[in-house]
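Worksheet for the structure shown next.
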Amino acid sequence: MTTLTRSPVEPVREPARLRRVFSAPLRSPGVTLSVLVLGTVLGWALVPDWFTSRSPVTGVPADRFRPPSARHLFGTDQLGRDIYARVVHGAALSLRATVLAILIALGGGLILGLVAGFFGRWTDALIMRAVEVTMSVPPLLLSLTLVTALGVGTGQIAVAIGTTSVAAFTRVMRAEVLRVRAAPYVEAAILCGARWWRILPRYILPSAIGPVLALAALDFGLVVLAVSSLGFLGYGEPPPAPEWGSLVADGRNYLATAWWLTTLPSLTVTVVVLAANRLSRVLEAEGRHR
Amino acid sequence: MHTALYTATRTLRAVFVVWAAFTLTFVALRLLPGDPVALMLSGRGGFAELSPRQVAQARAELGFDRPLIVQYGSALAGALHGDLGASLQTGQPVSRMIADAVPPTLQVGTLALLLALTLGTLLGVAANLTASPLLRQLLRSLPSFAVSLPSFWVGLVLIQLLSFRWHLFPSFGDSGFAGVILPACTMAIPGAALVAQVLGKSLHTTLQEPYADTVRATGAGRTRLLFGHGLRNAAIPAATVAGMLVGSLIGGAVVVETVFARPGMGRITQSAVSAQDLPVVQGVVVVAALAFAVVNLLIDLLYPVLDPRIRATGRLVTA
Chain L
1189 MTTLTRSPVE PVREPARLRR VFSAPLRSPG VTLSVLVLGT VLGWALVPDW FTSRSPVTGV
1249 PADRFRPPSA RHLFGTDQLG RDIYARVVHG AALSLRATVL AILIALGGGL ILGLVAGFFG
1309 RWTDALIMRA VEVTMSVPPL LLSLTLVTAL GVGTGQIAVA IGTTSVAAFT RVMRAEVLRV
1369 RAAPYVEAAI LCGARWWRIL PRYILPSAIG PVLALAALDF GLVVLAVSSL GFLGYGEPPP
1429 APEWGSLVAD GRNYLATAWW LTTLPSLTVT VVVLAANRLS RVLEAEGRHR
Chain P
5 MHTALYTATR TLRAVFVVWA AFTLTFVALR LLPGDPVALM LSGRGGFAEL SPRQVAQARA
65 ELGFDRPLIV QYGSALAGAL HGDLGASLQT GQPVSRMIAD AVPPTLQVGT LALLLALTLG
125 TLLGVAANLT ASPLLRQLLR SLPSFAVSLP SFWVGLVLIQ LLSFRWHLFP SFGDSGFAGV
185 ILPACTMAIP GAALVAQVLG KSLHTTLQEP YADTVRATGA GRTRLLFGHG LRNAAIPAAT
245 VAGMLVGSLI GGAVVVETVF ARPGMGRITQ SAVSAQDLPV VQGVVVVAAL AFAVVNLLID
305 LLYPVLDPRI RATGRLVTA
């Protein structure tokens, strides 16, 4: 007789939702292509030796300035180094910097947004004023200021770009926390005597994290662009390292004679950014529609 | 009454933002690791030959040995009088360097801003005006394609094609109006994409509001609806974006001036960052923040003109 009645609000079943989010992309060819591109680049970053047997740093002097061909897909540079090998090996540097930057932005934004949104009052005022100021300096200039202080290197670039983006993430997270905070179940938790260190991670974070994760996905392409721009300006790893932006900067001296030195690495960056943007928009739309 | 209060609060906010940008860069540059004095001395030749006493002396000459708060106070007082310190690399006053660098950047930047606004508006309007679904889809996806292009590459491709192959424009350096065009185009592309995206979306929403149906019911055509009614209502988000645009142009100048080897703000920033020349970097950031704040202030003051509802209440009404 005492059968449990089903509660009217059913908890979302994660596997079903995830399957929908991940199967939807495969229905459209543009998205399939994006997945393939990002998968390949991820492969380059993780196991570069599967994709090329040539060395990214030592060249064959006899093979200088070869245009793209079957032997050298992306051609060779002034030292006879294979550009394709350099792009493949550079993927690890560029992607690591991108991921690090996004993790910093995400981590910083989550913590500051939670604190500002949950505690309110002067903590909120202080944090949001700081956010406002950070966003009033053009982002590239702010990153450059941090690079000045930190010195050059791919890691430093990542920290600079990540720190610059913390403000935008904080703003989104705070807005979400304010929304979730007003929910009856959070009030109930507070009334039950739960303390903030329990409420924040257990009741607020899971419901508020969605839009911030979407922002992280949307930011991926932008961060790839920012990392390669700073690399192009010469703030990446010192010369022999094949970071994508610095590959383009190196090729700039041979612009008139060897177009492939700048074009093919730049094209790689563009394709990766396009793929990332496309995929993140689809994931975001799917996430919103659920 | 409302307008006066509105103007006053917006102006105060702009002043606060510039002061805060100054403080933020000061703190970021002084508290983070890296010794600019040692670096500067090593750059000038043979750090190893200098005794610690000489290094300490140089530090004292530059005022880097004083407590941070004293350094901050004197830097702020100087900045208020237009004195931004001297470059660690060349010893030149930073304010002079910036004054010399602003005109060439302003030339490129103004042209880029005009191009971005024109192209962006055209694209945003065209995407809403066309009746062909295929063309509309194409016009809508063009901006998101354009923002994915690295601007250093756009610049290099323009140089390769228009300067080297077809000899239409000078490739590098500062050579009159012809030299301004390619950098301005490069700088304008991401901005135009931004304007097109926001204006396109805002127009699309505006045209679905009830009043648009009313206008349609009076027998007005697509063009009349768009230009006579929609554009003005869609202008507020677009004005906000114009502010962001200036920020992105200031950042874009660094890359574009490096690509085209042009003198200007971007160029001095690029070399100052490589050399860890703190006063120059700080000067550039403060001037950029000032320019950005002034533009945003002007846009804030433009809102009441665009939207009568703000004129009445002194607050931004979100529909």
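Just so you know, the protein sequences line up as chains L and P, in that order.
Numbered by the numbering used here, the letters in the first sequence go through residues 1189 to 1478 in order.
Numbered by the numbering used here, the letters in the second sequence go through residues 5 to 323 in order.
Glycine is no exception: its CB is placed at the ideal position from the N, C-alpha and C atoms.
{"Item": "Alpha-carbon spacing of arginine 1386 of chain L relative to serine 1395 of chain L, whole angstroms", "Value": "14 angstroms"}
{"Item": "Own chain residues within Cβ distance below 8 angstroms of threonine 227 of chain P, not counting five before or after", "Value": "Leu133"}
{"Item": "Rounded Cβ spacing between valine 285 of chain P and threonine 273 of chain P (contact assumed at less than 8 angstroms)", "Value": "7 angstroms"}
{"Item": "Residue-chain proximity (aspartate 281 of chain P, chain L), Cβ-Cβ < 9 angstroms", "Value": "yes"}
{"Item": "Boundaries of the alpha helix (DSSP H) in which cysteine 189 of chain P is found, first to last residue", "Value": "182 to 210"}
{"Item": "Extent of the continuous alpha helix (DSSP H) run through glutamate 1375 of chain L", "Value": "1372 to 1379"}
{"Item": "Phenylalanine 1306 of chain L: first and last residue of the uninterrupted alpha helix (DSSP H) it sits in", "Value": "1271 to 1307"}
{"Item": "Closer than 7 angstroms at the beta carbon, the chain P residues around serine 1324 of chain L", "Value": "Val21, Ala25, Ala293, Phe296 and Ala297"}
{"Item": "Rounded Cβ spacing between threonine 1279 of chain L and valine 1229 of chain L (contact assumed at less than 8 angstroms)", "Value": "Here the sequence assigns alanine to residue 1279 of chain L, which means threonine is not the residue at that position. The Cβ separation is near 5 angstroms, so the contact holds."}
{"Item": "Proline 97 of chain P (DSSP reduced to helix, strand or coil)", "Value": "strand"}
{"Item": "Rounded straight-line distance, which links the Cα of isoleucine 1292 of chain L to that of arginine 324 of chain P", "Value": "Outside the shown range of chain P (5 to 323) lies residue 324 of chain P, about which nothing can therefore be said."}
{"Item": "Limits of the unbroken alpha helix (DSSP H) element including tyrosine 307 of chain P", "Value": "282 to 310"}
{"Item": "Serine 1454 of chain L at chain P interface by Cβ criterion, 9 angstroms", "Value": "yes"}
{"Item": "Opposing strand residues paired with alanine 243 of chain P [DSSP bridges]", "Value": "Partner(s): none; alanine 243 of chain P has no beta bridge."}
{"Item": "Cutoff 9 angstroms: phenylalanine 1239 of chain L Cβ touching any chain P Cβ", "Value": "no"}
{"Item": "Extent of the continuous alpha helix (DSSP H) run through threonine 1358 of chain L", "Value": "1342 to 1369"}
{"Item": "Nearest-angstrom Cα separation, counted from glutamate 1320 of chain L out to leucine 1294 of chain L", "Value": "18 angstroms"}
{"Item": "Contact belief for leucine 294 of chain P with valine 22 of chain P at Cβ below 8 angstroms, rounded distance in angstroms", "Value": "5 angstroms"}
{"Item": "Three-pair Cβ contact test at 8 angstroms for the segment 1311 to 1330 of chain L versus the segment 1342 to 1357 of chain L", "Value": "yes"}
{"Item": "Cα-Cα separation, threonine 1264 of chain L to leucine 166 of chain P", "Value": "24 angstroms"}
{"Item": "Leucine 1334 of chain L to leucine 1288 of chain L span [Cα, whole Å]", "Value": "15 angstroms"}
{"Item": "Tyrosine 1423 of chain L classed as buried or exposed, judged by whether at least 16 other C-beta atoms fall within 10 angstroms", "Value": "buried"}
{"Item": "7 angstroms CB neighbourhood of serine 1195 of chain L in its chain, flanking five on each side removed", "Value": "Note that serine 1195 of chain L scores a pLDDT of 43, beneath 50, so its modelled location is shaky; the value from the coordinates is reported in the next line. Excluding positions up to five away in sequence, the list is empty."}
{"Item": "Short CB-CB distance (under 9 angstroms) between valine 1470 of chain L and chain P", "Value": "no"}
{"Item": "C-alpha gap between glycine 159 of chain P and alanine 79 of chain P, whole angstroms", "Value": "37 angstroms"}
{"Item": "Cβ-based burial, histidine 233 of chain P [other Cβ within 10 Å; buried from 16]", "Value": "buried"}
{"Item": "Range covered by the alpha helix (DSSP H) that runs through arginine 220 of chain P", "Value": "214 to 221"}
{"Item": "Arginine 1466 of chain L, DSSP secondary structure in three states", "Value": "helix"}
{"Item": "Beta carbon proximity, asparagine 1465 of chain L to chain P, threshold 9 angstroms", "Value": "yes"}
{"Item": "Reduced DSSP secondary structure (H/G/I, E/B, other) of alanine 276 of chain P", "Value": "helix"}
{"Item": "Three or more C-beta pairs below 8 angstroms linking the segment 238 to 249 of chain P and the segment 190 to 210 of chain P", "Value": "yes"}
{"Item": "Which of helix, strand or coil DSSP assigns to threonine 1311 of chain L", "Value": "helix"}
{"Item": "Beta-carbon contacts of proline 1244 of chain L that lie in its chain and below 6 angstroms, excluding the five residues immediately before and after", "Value": "Ala1273, Arg1274, His1277 and Pro1430"}
{"Item": "Under 9 angstroms from the C-beta of alanine 1346 of chain L: neighbouring residues of chain P", "Value": "Within 9 angstroms Cβ-Cβ: nothing; alanine 1346 of chain L doesn't reach chain P, min ~15 angstroms."}
{"Item": "Own chain partners of alanine 196 of chain P with C-beta closer than 6 angstroms, once the 5 adjacent residues on each side are dropped", "Value": "Ala120, Leu123 and Gly124"}
{"Item": "Any chain P beta carbon closer than 9 angstroms to arginine 1440 of chain L", "Value": "yes"}
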